[in-house]
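Single-structure report; data block below.
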Amino acid sequence: MCSARGGFDFGAGFPFSGRQWSDWGPKRGRGRRQMFEAGEIKFVILRLLKEKPRHGYEVIKALEERMGGCYTPSPGTVYPTLQMLEDQGYVRGVEADGKKVYEVTPEGLKYLEEHRDLLDDIVDRVRETVRDFTGGAIGELQGEFARLARGTFRHAWRRGPEDPAVRRVAEILKQAADDIERAWQPSTL
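Just so you know, we're using our numbering here: the sequence shown kicks off at 118 and counts up by one.
Here it is in structure tokens:
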């Protein structure tokens, strides 16, 4: 669930792939605003690696978790950033169990400390944006949607695809989706 109460420190989110914060978030100029401005993700990744060494996928999952699923950085963002940080000497990649695990170097810690104010600003801005976005009815809607999805998939998984109850729930959900879609349409009165 997208919740401003979520873990770190960064924020909140949708629990599913597909739409993400950037699809729903506030607009700046013509396009939708991204979660991080150009170059900011490197500071966030360094902060995560300061906590403990991680491989790229762990960085992605940690960011997703700390933002409650609202934002999931793409591998096309994370892996090149890790490579850039390694090239700059701020992290070191070490092979472990067939994966490259990254750890912050002393130079990386120094760089992070030199930019502490910027990182604090990034964290504060993201928290505020997520809090604004997840408040009120939208936050309630997200919470109920997440609860419905978790319960539905949990029961369907246990029962299996051929169970009549699974088929009945699929019919109910299809009808509900159609009804909800109609509810968004302007009134024809």
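Glycine residues also receive a C-beta, built at the ideal position from the N, C-alpha and C atoms.
It should be emphasised that the depicted structure is a prediction, and the values quoted were computed from it without experimental measurement.
Tell me the DSSP secondary structure of H272 in three-state form. helix
Check whether the Cβ atoms of H172 and K227 sit closer than 8 Å, and answer yes or no. no
Contacting residues, own chain, Cβ-Cβ under 8 Å from E203 (five flanking each side not counted): R209, G210 and Y219
With a threshold of 8 Å between beta-carbons, can E261 be considered close to chain B, or not? The structure shown contains no chain B, having only a single protein chain.
For L165, count the other beta carbons within 10 Å of its own beta carbon; 16 or more makes it buried, fewer makes it exposed. Which is it? buried
Given the structure, does L258 come close to the ligand NAP, in the sense that its CB is under 7 Å from one of the ligand's heavy atoms? No copy of the ligand NAP appears in this structure; indeed no ligand is present at all.
Status (buried if at least 16 other CB within 10 Å, exposed otherwise) for F160: buried
Looking at the structure shown, is G210 part of a helix, part of a strand, or coil, going by DSSP? strand
Once you ignore the five residues that flank T198 on each side, which residues in its own chain have a CB closer than 8 Å to its CB? I158, K159 and I162
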